[in-house]
Amino acid sequence: MEIPAGVLQHPFFNVEGPPALNYGSVGMIIGHEMMHGYDKDGTEYDADGMRRQWATPVFLKKYTEREMCVRESHRAVDTTRARQAALNDAIDSENVADLVGTMLAHAAFASLPPAERNVRLPGLNLTAEHLFFIGHCAKWCQSHRVIREDYAPGRSRCIVPLMNMAEFSDAFGCAQQTPMNPPKKCTFW
Numbered sequence: 001m002e003i004p005a006g007v008l009q010h011p012f013f014n015v016e017g018p019p020a021l022n023y024g025s026v027g028m029i030i031g032h033e034m035m036h037g038y039d040k041d042g043t044e045y046d047a048d049g050m051r052r053q054w055a056t057p058v059f060l061k062k063y064t065e066r067e068m069c070v071r072e073s074h075r076a077v078d079t080t081r082a083r084q085a086a087l088n089d090a091i092d093s094e095n096v097a098d099l100v101g102t103m104l105a106h107a108a109f110a111s112l113p114p115a116e117r118n119v120r121l122p123g124l125n126l127t128a129e130h131l132f133f134i135g136h137c138a139k140w141c142q143s144h145r146v147i148r149e150d151y152a153p154g155r156s157r158c159i160v161p162l163m164n165m166a167e168f169s170d171a172f173g174c175a176q177q178t179p180m181n182p183p184k185k186c187t188f189w
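Residue numbers (full-length UniProt numbering): 1 to 189.
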């Protein structure tokens, strides 16, 4: 697992900032990288880094089902024909890691004692929950001209995890059966 030291500085991390922003940003990146240990590539290596498949066929089948759910969420968000055609196993792995990383970061954030968790920014009418999700999305701001074949566009990397989390819908009051609160959400545990 590699986490560049550069993520421990602005704009990803602010030692004096609210924990919500840091968990939404850096926490998600850490969770994303951890999830790669459980994707189709990660399951091919044991705890010692030796190439040995440790996942059971049942695990791999369930993983693939959940991966397809995430692929469908991306198709709903990024409707350009070229991007839809580019959705593949390599990008699926990154998209799953984005979703699970966000879920893990949120679970870690939610486990903080209330005095730490509920820190807000003065002058803004935003809860700590709002700040967590803003922290998650802020890092995906990018020029539309930047195209990486091995990752979904930043807009999708922001939106897809959030539309699959009831915590987001609750925090922002998203009506049921809307794009940001669809009836079917992708889960991983």
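For every residue, glycine included, the Cβ atom is placed at its ideal position computed from N, Cα and C.
No experiment lies behind these values; they were computed from the predicted model shown.
Looking at residue i: is its Cβ nearer than 8 Å to the Cβ of residue j?
i, j, result
"valine 58", "valine 96", "no"
"cysteine 186", "arginine 66", "yes"
"phenylalanine 109", "tyrosine 23", "yes"
"valine 77", "glycine 31", "no"
"aspartate 41", "glutamate 94", "no"
"arginine 120", "threonine 127", "yes"
"alanine 138", "proline 11", "yes"
"proline 19", "leucine 124", "no"
"methionine 103", "phenylalanine 168", "no"
Name, in chain order, the residues that DSSP records as bridge partners for residue i.
i, result
"asparagine 95", "DSSP lists no partner for asparagine 95."
"tyrosine 45", "Arg51"
"threonine 178", "Asn181"
Quick one: give me the first and last residue of the alpha helix (DSSP H) that residue i is part of.
i, result
"isoleucine 159", "154-163"
"alanine 166", "166-172"
"tyrosine 151", "No alpha helix (DSSP H) contains tyrosine 151, which DSSP labels as neither H nor E."
"residue 198", "Any property of residue 198 remains undetermined from this structure, which presents the chain solely from 1 to 189."
"cysteine 137", "128-138"
"cysteine 141", "That residue, cysteine 141, is in no alpha helix (DSSP H); it is neither H nor E in DSSP."
"serine 69", "Inspection of the sequence shows that residue 69 is occupied by cysteine rather than by serine. Start and end: 57-77."
"leucine 21", "19-22"
"glycine 37", "Careful: glycine 37 lies outside any alpha helix (DSSP H) and carries neither H nor E."
"glutamate 16", "It is not in any alpha helix (DSSP H) - glutamate 16 carries neither H nor E in the DSSP assignment."
Is it buried or exposed, residue i, if we count other Cβ atoms within 10 angstroms and call 16 or more buried?
i, result
"isoleucine 3", "exposed"
"leucine 162", "buried"
"aspartate 48", "exposed"
"glutamate 129", "buried"
"aspartate 170", "exposed"
Counting only the same chain and skipping the five closest in sequence on each side, list residues whose C-beta sits under 6 Å from that of residue i.
i, result
"arginine 21", "Reading off the sequence, residue 21 comes out as leucine, not arginine. Contacts found: Leu131 and Gly135."
Spatial neighbours of residue i within its chain, please: CB distance less than 7 Å, with the 5 preceding and 5 following residues excluded, ordered by chain position.
i, result
"serine 73", "Val160, Met163, Asn164 and Cys186"
"glycine 27", "Ala105, Ala108 and Phe109"
"residue 192", "What the structure shows of the chain is the stretch from 1 to 189, and residue 192 is not part of that stretch, so it cannot be assessed."
"phenylalanine 13", "Val7, Asn22, Ser25 and Val26"
Note down, in chain order, each residue of its chain lying with its Cβ closer than 8 Å to the Cβ of residue i, except the 5 sequence neighbours on either side.
i, result
"aspartate 98", "Met28, His32, Ala152, Arg157, Val160 and Pro161"
"arginine 52", "Glu44, Tyr45 and Asp46"
"alanine 90", "Asp150"
"glutamine 9", "none"
"glutamine 177", "Pro183"
"histidine 36", "Met1, Gly42, Ser93 and Ala97"
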